[in-house]
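*Asks:*
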C-alpha cells in the first residue's frame with residue numbers, strides 16, 4: 001500500500017511553493033493513501049516493452065520563420081502586474097543578502 | 001425566440017425578421033431572469049455584447065457578406081483569454097485580471113461576428129466534474145437546481161440548457177465538454193487534439209486540453225466547430241490540415257453502411273440502469289437508420305482513469321507554476337523585506353482552492369525523483385496501450401460509442417468530499433483525451449428512474465471528426481421523430497420556479 005506521511009506532504013508543498021496549514025497537511029496525507037493506491041494500478045500493465053507516450057502528436061521542434069512580428073507593448077505586458085517600476089515588473093527580493 | 005436553435009436564429013437574422021441587437025437583448029433578459037438561480041455566468045458583458053451586435057447589424061444593413069453564425073450570441077468558458085475582459089478560470093488567483101490579448105478561439109469568434117455574451121463558470125482551472133470547485137460558487141443544473149451541471153464546463157452547459165445562450169465554448173481535458181453536455185441534455189464536442197488552437201486557453205494539462213463547440217443541436221455544434229477550428233501558427237501543436245467537413249456531415253446525417261463499434265468495457269457494471277436503457281435504445285435507432293452495430297474490446301481502458309490522474313496533475317503542477325505572484329494575478333504578503341519565495345507560498349495558499357492544491361501536490365509527487373518511473377512513466381506507457389486499443393478498434397469500426405457518463409447528474413455536495421468517487425464520472429470520457437481523438441456527447445433521452453438527461457458518446461479517429469457528426473445527426477433526427485419535440489422542452493420552466 002502506498003502512502004504519504006504528513007512530513008512528505010509538507011516537503012512536496014514546499015517544492016510546489018504552497019503554504020499549508022497543519023490541518024491541510026494531515027488531511028491531504030490521509031487522502032493520498034487512497035488516491036495513490038488507485039493510481040498505482042498503472043504499474044500492472046506498464047511493462048518494460050511498452051514505449052511511453054508523452055503527447056498525442058509526434059511532433060519535434062516546431063519552429064516559425066525567424067521574422068519580426070508585432071508583440072505586446074510594454075504597457076500591455078505590464079497591465080496585469082501586481083507592482084511595477086520604470087516599465088519593469090517590481091518583485092519581492094529574490095536573492096538573499098550576502 | 002431564445003428557444004430556437006442557433007441556425008434558426010441565423011436564418012431569422014439573414015431574412016431580416018430580427019436583428020442581432022434584439023436577439024442579444026433577448027438573451028441578456030433571459031440571463032437577468034434566470035441566472036440568479038442557475039449561476040452559469042461569472043461575467044455578463046452587456047455593453048460589449050450589444051456594441052458587437054450593433055456592429056454586425058450595421059454590416060448586414062450595408063449588404064456585407066456575413067458568415068453563417070454572424071449575429072448569434074455565445075457564452076464563453078472563463079478559461080479562454082478575451083482582451084480586456086475578466087478571465088478568472090474560476091480561481092481567486094486570477095480575480096480581476098484583464099488579459100492583454102485575445103485567444104485564437106476568441107479571435108475566430110470575432111471574425112465570425114459571433115456575439116460574446118460573457119464568461120461562464122467552471123471548476124477552478126478546469127479541475128473537476130461538477131463546477132463545485134469554482135472559487136465563485138457552484139452552477140446549478142437547469143433540470144434540477146439541486147444537482148450539478150457537470151464540469152468543468154458546467155457554466156457553458158447550464159447556459160445552453162437554460163436558454164441563456166444558443167452556443168457556448170467549452171474545453172475538454174478528460175470530459176469537461178462531454179460530461180456537462182450529457183447531464184444537461186445538450187450537445188458538446190471535443191474535437192481532435194490540435195483541431196482547435198490552444199493559444200490563449202489557460203493551460204491545465206497541455207497534452208490533453210482541447211477547446212470545442214457546445215450547443216443544443218448537432219448542426220449548431222458543427223457550425224460553431226467550423227467557426228473556431230483550423231491551423232494556428234501560434235499553437236505549436238495545431239494540426240496543419242483542412243478542417244473536417246463537419247457541417248456537411250451534420251446536414252447529411254447519413255449512417256448507411258457505417259460500422260458503429262460498441263466498446264465492451266464502457267458499459268455494464270457501474271452504469272445506471274436508465275443510462276444503459278437509453279444507450280441500447282439509441283443503438284437500435286442507429287441500426288434502423290442503416291448502420292451496422294459491432295462490438296469492440298479495449299482491454300486497457302480500465303487503466304485510463306488511473307493514468308489520467310497521474311498525467312493531468314503532473315502537467316498541471318508544471319503549468320500552474322506560472323501563477324507565481326510576480327507578473328500578473330494575485331500577490332499576497334508583499335511586505336517590506338519579504339522574500340519572493342514567501343510571497344509565492346502565501347499567494348498560492350490563498351489563491352488556489354482545495355482540488356487545485358491536491359492535484360499540484362499529486363503531480364509534484366508523480367514527477368519527483370525516485371517516483372517518476374513508477375507513476376508518471378507508467379502512466380505514459382498506459383497512454384500508449386490505450387492509443388493502441390483505439391487503433392485496433394478503429395480497424396473494426398468507423399466510430400466507437402458508449403454512454404458518456406455512468407450516471408445522470410448527482411446532487412450538489414454529494415461527492416464533494418470523495419475525490420475518487422468524483423473522478424469516476426470521467427471513466428468513459430478520459431480515453432478519448434489520452435489518444436487525442438474526437439468525442440461527442442448528445443442527448444439520448446431521460447433515465448426512467450430519475451427523469452434526468454442521459455448522454456450518448458461518439459468517438460472518431462484523429463481528424464475524422466465529421467464521422468461523429470454523421471452519427472450524431474442521424475441519432476438526433478431519429479430521436480426527435482420519436483419524441484416529437486426537443487428533449488429540453490421537457491425541462492422545468494425556470495422563469496416560473498421559485
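Protein chains in written order, with full-length UniProt numbering: chain A, 1 to 98; chain B, 1 to 498.
For each residue, glycine too, the CB sits at the ideal point set by N, CA and C.
Here the structure is a predicted model, which is why all the values come from computation and not from measurement.
Answer yes or no: do residue 289 of chain B and residue 255 of chain B have a C-beta to C-beta separation smaller than 8 Å?
*Replies:* Counting from 1 along the second chain, the entry for residue 289 of chain B is found at position 289. Counting from 1 along the second chain, the entry for residue 255 of chain B is found at position 255. Yes, the pair counts as a contact, with Cβ atoms nearer than the cut-off.
*Asks:* Look up residue 498 of chain B in the DSSP assignment and say whether it is helix, strand or coil.
*Replies:* For the purposes of this step, residue 498 of chain B is taken as residue 498 along the second chain, with counting starting at 1. Residue placement at residue 498 of chain B is poorly supported in this model, since its pLDDT is 44, which falls under 50; the coordinates are not used for a value here.
*Asks:* Output, in sequence order along the chain, the residues in the stretch 50-61 of chain A whose CB is closer than 8 Å to any CB in chain B.
*Replies:* So the close ones are 50, 51, 52, 53, 54, 55, 56, 57 and 59.
*Asks:* Could you give the distance in angstroms between the alpha-carbon of residue 485 of chain B and the alpha-carbon of residue 476 of chain B?
*Replies:* For the purposes of this step, residue 485 of chain B is taken as residue 485 along the second chain, with counting starting at 1. For the purposes of this step, residue 476 of chain B is taken as residue 476 along the second chain, with counting starting at 1. So the two alpha carbons sit approximately 11 Å from each other.
*Asks:* Between the stretch 107-123 of chain B and chain A, which residues of the former have CB atoms less than 8 Å from a CB of the latter, in chain order?
*Replies:* Per Cβ criterion, the list is empty.
*Asks:* Quick check on the DSSP output: the beta strand (DSSP E) that includes residue 156 of chain B runs from which residue to which?
*Replies:* Counting from one through the second chain, the residue named residue 156 of chain B turns up at place 156. Premise fails: residue 156 of chain B lies in the alpha helix (DSSP H), 154-161, not in any beta strand (DSSP E).
*Asks:* Could you check how far apart the C-beta atoms of residue 119 of chain B and residue 85 of chain B are, in whole angstroms? I think they sit under 8 Å.
*Replies:* For the purposes of this step, residue 119 of chain B is taken as residue 119 along the second chain, with counting starting at 1. For the purposes of this step, residue 85 of chain B is taken as residue 85 along the second chain, with counting starting at 1. Confirmed, Cβ separation roughly 7 Å.
*Asks:* Beta-carbon of residue 19 of chain A versus every beta-carbon of chain B: anything under 8 Å?
*Replies:* By 1-based counting over the first chain, the position of residue 19 of chain A is 19. Closer than 8 Å: yes.
*Asks:* Please report the straight-line C-alpha distance between residue 54 of chain A and residue 65 of chain B, rounded to a whole angstrom.
*Replies:* Taking the first residue of the first chain as 1, we reach residue 54 of chain A at position 54. Taking the first residue of the second chain as 1, we reach residue 65 of chain B at position 65. Their backbone Cα atoms lie some 44 Å apart in a straight line.
*Asks:* How long is the line joining the alpha carbons of residue 186 of chain B and residue 4 of chain B, rounded to whole angstroms?
*Replies:* The count along the second chain starts at 1 and reaches residue 186 of chain B at position 186. The count along the second chain starts at 1 and reaches residue 4 of chain B at position 4. Their backbone Cα atoms lie some 14 Å apart in a straight line.
*Asks:* Look up residue 84 of chain A in the DSSP assignment and give the residues it is bridged to.
*Replies:* Taking the first residue of the first chain as 1, we reach residue 84 of chain A at position 84. Residue 84 of chain A pairs with A:89.
*Asks:* Considering only their Cβ atoms, is the gap separating residue 145 of chain B from residue 74 of chain B smaller than 8 Å?
*Replies:* Within the second chain, the letter at position 74 stands for residue 74 of chain B. Within the second chain, the letter at position 145 stands for residue 145 of chain B. Contact: no.
*Asks:* Would you kindly report the start and end of the unbroken beta strand (DSSP E) that includes residue 457 of chain B?
*Replies:* To locate residue 457 of chain B, count along the second chain from 1; it is residue 457. 453-460 is the extent of the beta strand (DSSP E) around residue 457 of chain B.
*Asks:* Establish whether the CB of residue 31 of chain A and some CB of chain B are separated by less than 8 Å.
*Replies:* Here residue 31 of chain A is taken as the residue at index 31 of the first chain, counted from 1. Taking Cβ atoms only, chain B reaches closer than 8 Å to residue 31 of chain A, which makes this a yes.
*Asks:* For residue 78 of chain A, report the span of its beta strand (DSSP E) as first-last.
*Replies:* Looking up residue 78 of chain A in the first chain gives position 78. Counting along the chain, residue 78 of chain A falls outside any beta strand (DSSP E), and DSSP gives it neither H nor E.
*Asks:* Using a Cβ-Cβ cut-off of 6 Å (strictly less than) and excluding sequence neighbours within five positions of residue 468 of chain B, which residues of its own chain qualify?
*Replies:* Within the second chain, numbered from 1, the residue matching residue 468 of chain B stands at position 468. Within the same chain, residue 468 of chain B has close Cβ partners 438, 440, 458 and 460.
*Asks:* Leaving aside the five residues before and after residue 112 of chain B along the sequence, list all residues of the same chain whose C-beta is less than 6 Å from its C-beta, in chain order.
*Replies:* Here the question's residue 112 of chain B lines up with position 112 in the second chain. Here the set comprises 67, 69 and 227.
*Asks:* Can you tell me the Cα-Cα spacing of residue 323 of chain B and residue 431 of chain B, whole angstroms?
*Replies:* For the purposes of this step, residue 323 of chain B is identified with residue 323 of the second chain, where counting begins at 1. For the purposes of this step, residue 431 of chain B is identified with residue 431 of the second chain, where counting begins at 1. Cα-Cα distance, rounded: 29 Å.
*Asks:* What does residue 76 of chain A reach in chain B if we use C-beta pairs closer than 8 Å?
*Replies:* The sequence position of residue 76 of chain A within the first chain is 76, counting from 1. What residue 76 of chain A touches in chain B: 100 and 101.
*Asks:* Return the chain-ordered list of same chain residues with a C-beta closer than 6 Å to the C-beta of residue 136 of chain B, the five sequence neighbours on each side being excluded.
*Replies:* By one-based count along the second chain, residue 136 of chain B stands at place 136. Contacts found: 42.
*Asks:* Rounding to the nearest angstrom, what Cα-Cα distance links residue 291 of chain B and residue 453 of chain B in this structure?
*Replies:* Mapped onto the second chain, residue 291 of chain B falls at position 291. Mapped onto the second chain, residue 453 of chain B falls at position 453. Cα-Cα distance, rounded: 24 Å.
*Asks:* Hey, is residue 267 of chain B's beta-carbon within less than 8 Å of any beta-carbon in chain A?
*Replies:* Position 267 of the second chain, counted from the start, is the residue given in the question as residue 267 of chain B. No, its Cβ sits nowhere closer than 8 Å to a Cβ of chain A.
*Asks:* Does DSSP put residue 187 of chain B in a helix, a strand or coil?
*Replies:* For the purposes of this step, residue 187 of chain B is taken as residue 187 along the second chain, with counting starting at 1. The answer is strand: DSSP assigns residue 187 of chain B an E or B state.
*Asks:* Apart from the five residues on each side of it in sequence, which residues of its chain come closer than 7 Å, Cβ to Cβ, to residue 498 of chain B?
*Replies:* Taking the second chain and counting its residues from 1, one reaches residue 498 of chain B at position 498. Because the pLDDT at residue 498 of chain B is just 44, under 50, the model does not fix this residue reliably, and the value given afterwards should be weighed accordingly. Taken in chain order, the list of residues that qualify is empty.
*Asks:* Check the Cβ of residue 307 of chain B against every Cβ in chain D and list those closer than 7 Å, keeping chain order.
*Replies:* Looking for chain D here will not work: the only protein chains present are A and B.
*Asks:* Could you tell me which chain A residues have their CB closer than 8 Å to the CB of residue 201 of chain B, listed as they occur along the chain?
*Replies:* Position 201 of the second chain, counted from the first residue, corresponds to residue 201 of chain B. By Cβ distance, chain A contributes nothing, its closest Cβ being about 16 Å from residue 201 of chain B, past 8 Å.
*Asks:* Locate the beta strand (DSSP E) running through residue 73 of chain B, then write down its first and last residues.
*Replies:* As a first step, residue 73 of chain B must be located in the second chain, where it is residue number 73. 73-77 is the span of the beta strand (DSSP E), which, as asked, contains residue 73 of chain B.
*Asks:* Could you check the C-alpha separation between residue 51 of chain B and residue 244 of chain B for me, to the nearest Å?
*Replies:* Stepping through the second chain from its first residue, residue 51 of chain B is reached at position 51. Stepping through the second chain from its first residue, residue 244 of chain B is reached at position 244. When rounded, the distance between both Cα atoms is 32 Å.
*Asks:* Taking the runs of the beta strand (DSSP E) that are 3 residues or longer, which of them lie wholly in the stretch 16-73 of chain B?
*Replies:* Fully enclosed beta strand (DSSP E) runs of 3 or longer: 41-44.
*Asks:* For chain B, is any of its Cβ atoms less than 8 Å away from the one on residue 5 of chain A?
*Replies:* Within the first chain, numbered from 1, the residue matching residue 5 of chain A stands at position 5. Not an interface residue.
*Asks:* Taking just the CA atoms, how far does residue 422 of chain B sit from residue 416 of chain B?
*Replies:* Position 416 of the second chain holds residue 416 of chain B. Position 422 of the second chain holds residue 422 of chain B. If you take the alpha carbons of residue 416 of chain B and residue 422 of chain B, they lie about 7 Å apart.
*Asks:* Between the stretch 258-277 of chain B and the stretch 363-380 of chain B, do at least 3 Cβ pairs fall closer than 8 Å?
*Replies:* Not touching, per the Cβ criterion.
*Asks:* Which stretch, first to last residue, makes up the alpha helix (DSSP H) that contains residue 3 of chain A?
*Replies:* As a first step, residue 3 of chain A must be located in the first chain, where it is residue number 3. Counting along the chain, residue 3 of chain A falls outside any alpha helix (DSSP H), and DSSP gives it neither H nor E.
*Asks:* For residue 471 of chain B and residue 27 of chain A, I'd like the C-alpha separation in whole angstroms.
*Replies:* As a working mapping, residue 471 of chain B is identified with position 471 in the second chain. As a working mapping, residue 27 of chain A is identified with position 27 in the first chain. Approximately 46 Å, taken between the alpha carbons.
*Asks:* Ignore the nearest five residues each way along the sequence and tell me which others in residue 89 of chain A's own chain have a CB closer than 6 Å to its CB.
*Replies:* By one-based count along the first chain, residue 89 of chain A stands at place 89. Closer than 6 Å at the Cβ level, and outside the excluded window around residue 89 of chain A, lie 81.
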